[in-house]
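The first sequence begins at 12 in the numbering used here and counts up by one. The beta-carbon is built from N, C-alpha and C at its ideal position, and this holds for glycine as well. From a predicted model like this one, the values you see are computed outputs, not experimental measurements.
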Amino acid sequence: MIDLKRLRDEPDFRAGIERKRVAPGLIDDVLAADDARRRLLTEVEELRARQNAASKEIGKAAPDERPAKIAAAGALKDELTAREQVLAEADATVRDLALRVPNPADPGVPSGGEDDGVVVREVGTLPAGPPARDHAEFAEALGFIETVKAVEMSGSRFASLMREGVLLELALVNWVVSRLVAEGFTPVVPPVLVREQAMEEAGFFPTDRSQVYEVDDGELFLVGTSEIPLSALHRGEILSADALPARYAGVSSCFRREAGTYGKDTTGIFRVHQFDKVEMFVYADPDHSDDEHERILALEESIVGGLGLPYRVVNIAAGDLGAAAARKYDLEVWLPSEGRYRELTSCSNYRDFSARRLGTRVRGEGGNRLVHTLNGTACAVGRTLVFLWEHCQDGDTFVVPDVLRPFCGFDHVTR
RNA sequence: GGAGGGAUGCCGGAGCGGACGAACGGGACGGUCUUGAAAACCGUUGGGGCGCGAGUCCCCGUGGGUUCGAAUCCCACUCCCUCCGCCA
12 MIDLKRLRDE PDFRAGIERK RVAPGLIDDV LAADDARRRL LTEVEELRAR
62 QNAASKEIGK AAPDERPAKI AAAGALKDEL TAREQVLAEA DATVRDLALR
112 VPNPADPGVP SGGEDDGVVV REVGTLPAGP PARDHAEFAE ALGFIETVKA
162 VEMSGSRFAS LMREGVLLEL ALVNWVVSRL VAEGFTPVVP PVLVREQAME
212 EAGFFPTDRS QVYEVDDGEL FLVGTSEIPL SALHRGEILS ADALPARYAG
262 VSSCFRREAG TYGKDTTGIF RVHQFDKVEM FVYADPDHSD DEHERILALE
312 ESIVGGLGLP YRVVNIAAGD LGAAAARKYD LEVWLPSEGR YRELTSCSNY
362 RDFSARRLGT RVRGEGGNRL VHTLNGTACA VGRTLVFLWE HCQDGDTFVV
412 PDVLRPFCGF DHVTR
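Okay, here's the thing in structure tokens:
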């Protein structure tokens with residue numbers, strides 16, 4: 012959620028919001044509603060102060076004076092109750108509006124939408140042409156995935172990973188996690204079922220509710236990313252300054268309904284309802300979150316680059332950032348069968364947007380401040396396999412990238 | 001799944017419906033003393049909102065309720081503990 016005080020006081024803050032797609036008038040509506048709310052608040056608090064004082068006197072008063080004083084206090088109370096109701100409505104109005112206001116885009120973020128991201132750099136050499144077989148065909152042929160029975164039992168966008176495909180998945184997870192541990196990340200296998208409250212506090216509800224699977228009559232929800240449980244790790248806490256940065260590496264299955272993607276990426280496992288992912292999540296000191304962001308980006312690059320995949324880094328434009336991110340980089344990898352770059356990983360700086368609802372702060376000299384939170388994909392396993400299967404094959408043979416060989420125990424697969 | 005007990009500040013632990021944002025102990029921090037340290041002694045020590053400020057309001061697991069007044073009474077929920085049953 013947004014900082015209303017900054018929205019009120021800092022023109023740049025407002026400008027950053029307006030660079031995202033916001034309903035016209037929303038910002039003015041929030042400000043007006045907040046103004047009304049604060050006026051009511053002052054009024055109610057004055058009434059409360061009088062009511063408190065009146066009640067206190069009753070306690071001290073002589074027994075014969077009490078009935079009159081209780082009557083007077085009762086009258087005050089009725090007035091207070093009425094005003095409190097108006098205040099509660101004003102509160103709700105402000106909250107509803109405020110929740111719709113996105114985090115402002117950073118000054119360094121390009122303006123525009125989906126097509127206006129700026130390519131920061133391109134790394135690696137692109138293959139001359141398309142692969143002998145696309146990832147779906149190749150992986151089916153070599154027995155790495157099974158889709159027919161998976162679709163029969165679970166529906167479209169489900170697949171089984173099989174044989175060496177499984178060993179490759181485990182190798183990827185192992186390699187990536189061990190790298191992150193070496194970088195100071197604490198590995199976590201979190202719950203993938205969470206309560207509605209966790210979804211709300213992580214900022215996924217109500218916006219992305221339609222993308223989420225419900226379980227147990229709506230008691231629990233399957234997470235679409237371990238960002239959700241990782242963000243809950245310090246909810247409501249005031250961390251000591253030396254606890255930051257706190258870096259976590261979540262390993263989990265992720266579940267997404269992929270509503271509204273009918274017809275997109277229908278073959279293979281590029282886009283599925285269930286996949287495994289290693290996710291980075293960092294709680295950072297507000298003064299150093301930009302450094303952390305660059306650090307996460309560098310890690311993502313070294314992982315994708317380490318696998319030998321040609322990629323480019325895109326500085327995502329304001330309109331494409333989503334509500335929470337102030338800045339976001341995507342790593343797009345060349346997909347030979349489509350002859351274009353497709354998103355593999357990304358990393359975002361949420362600043363204090365998410366921490367405000369989570370209530371995660373740092374203890375500091377001049378008072379406690381909200382932490383900044385950042386997240387980034389270390390390895391979206393299934394999709395990484397897609398790229399590897401297209402880049403490291405000749406039609407019948409899959410060649411394992413060097414870095415994974417110690418983790419999977421073979422260097423190629425032929426069928 | 002059934003039966004009972006509990007949730008208070010960094011920790012432990014009190015708290016007849018009015019004097020409680022909360023005793024007391026421990027810890028931590030600052031100071032005195034000391035060559036240094038320990039001990040002893042003195043002091044400080046929760047969070048949040050609104051307001052230029054004086055100040056004021058809110059928070060004793062969470063959400064409601066009763067009352068002039070709730071940490072204290074009532075209801076619901078969550079979590080923890082004990083016992084029984086079941087179980088990878």
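On the criterion of 16 or more Cβ atoms from any shown chain inside 10 Å, does residue i qualify as buried, or is it exposed?
i	result
V397	buried
V446	No statement about residue 446 is possible, as the shown extent of the chain runs from 12 to 426 and does not include it.
G350	exposed
M291	buried
D45	buried
A270	exposed
G128	buried
A252	exposed
S189	exposed
D228	exposed
E230	exposed
R182	Note that residue 182 corresponds to Ala in the displayed sequence, not to Arg. So A182 counts as buried.
F286	buried
V344	buried
Q96	exposed
Y340	buried
F232	buried
S348	buried
K288	buried
Y273	exposed
P74	exposed
E427	Nothing about residue 427 can be read from this structure; the chain reaches only from 12 to 426.
P146	For the sequence presented, residue 146 should be read as His rather than Pro. Flag for H146 reads buried.
V424	buried
Quick check: does the Cβ of residue i come within less than 6 Å of any heavy atom belonging to the ligand NAP?
i	result
F364	In the structure on display, the ligand NAP does not appear, and there are no ligands present to speak of.
Note down the Cα distance separating residue i from residue j, rounded to an integer number of angstroms.
i	j	result
P202	R367	23 Å
L172	V134	29 Å
A101	V41	11 Å
I69	R220	51 Å
Y322	C390	14 Å
K275	V234	22 Å
R111	L37	8 Å
E157	V414	26 Å
I307	T356	11 Å
A83	R94	17 Å
S264	P121	33 Å
E312	T136	15 Å
A328	E21	22 Å
Report yes if the C-beta distance between residue i and residue j is below 7 Å; otherwise report no.
i	j	result
G1	V187	Residue 1 lies beyond the range of the chain shown here (12 to 426); nothing can be said about it.
Q62	K88	yes
G330	G140	no
R353	L346	yes
L250	V373	yes
R144	G393	no
H299	N360	no
P297	R246	no
V131	V283	no
R268	Q208	no
A170	A161	yes
A116	L332	yes
P113	A334	yes
CB-CB under 6 Å to residue i, same chain, minus the five flanking residues each way: which ones, in chain order?
i	result
P412	L318, G319
G195	R258
R362	A337, H383
F216	M210
T104	A44
V315	Y322, L342
Skipping 5 residues on each side, what residues in its chain have a beta carbon closer than 8 Å to that of residue i?
i	result
A119	Going by the sequence as given, residue 119 is Gly instead of Ala. Counting only Cβ-Cβ distances below 8 Å, and skipping sequence neighbours, we find N326, R338.
E238	A213, G261, E290, F292, N386
L179	F155, L396, L399, V411, L415, C419
L310	R190, L191, E194, M291, G387, A389
F421	E175, L178, V411
R30	P115, A116, V120, S122, A329, G330
Output needed for residue i: all residues of its chain with C-beta closer than 7 Å, excluding positions within five of it in sequence on either side, in chain order.
i	result
N185	F418
L52	L98
Which whole runs of the alpha helix (DSSP H) in the segment 75-147 are 4 residues long or more, in chain order?
-> List check, alpha helix (DSSP H) in window: 77-110.
Only counting runs of 4 or more residues, tell me where the alpha helix (DSSP H) segments fall wholly within the segment 31-76, in order along the chain.
-> Runs of the alpha helix (DSSP H) inside the segment 31-76: 37-71.
Hey, which unbroken runs of the beta strand (DSSP E) at 3 residues or more fall wholly within the segment 191-228?
-> Runs of beta strand (DSSP E) with 3 or more residues, each lying fully within the segment 191-228, are found at 197-199, listed in chain order.
Secondary structure, alpha helix (DSSP H): runs of 4+ residues fully inside the segment 144-192 | As far as the segment 144-192 is concerned, its whole alpha helix (DSSP H) runs of at least 4 residues are 146-152, 159-165.
Length at least 4, wholly inside the segment 234-289: the alpha helix (DSSP H) runs in chain order = Every unbroken stretch of the alpha helix (DSSP H) spanning 4 or more residues and falling wholly within the segment 234-289 is given here in chain order: 238-242.
Hey, which unbroken runs of the beta strand (DSSP E) at 3 residues or more fall wholly within the segment 365-394?
-> Taken in chain order, the complete beta strand (DSSP E) segments of 3 or more residues contained in the segment 365-394 are 383-391.
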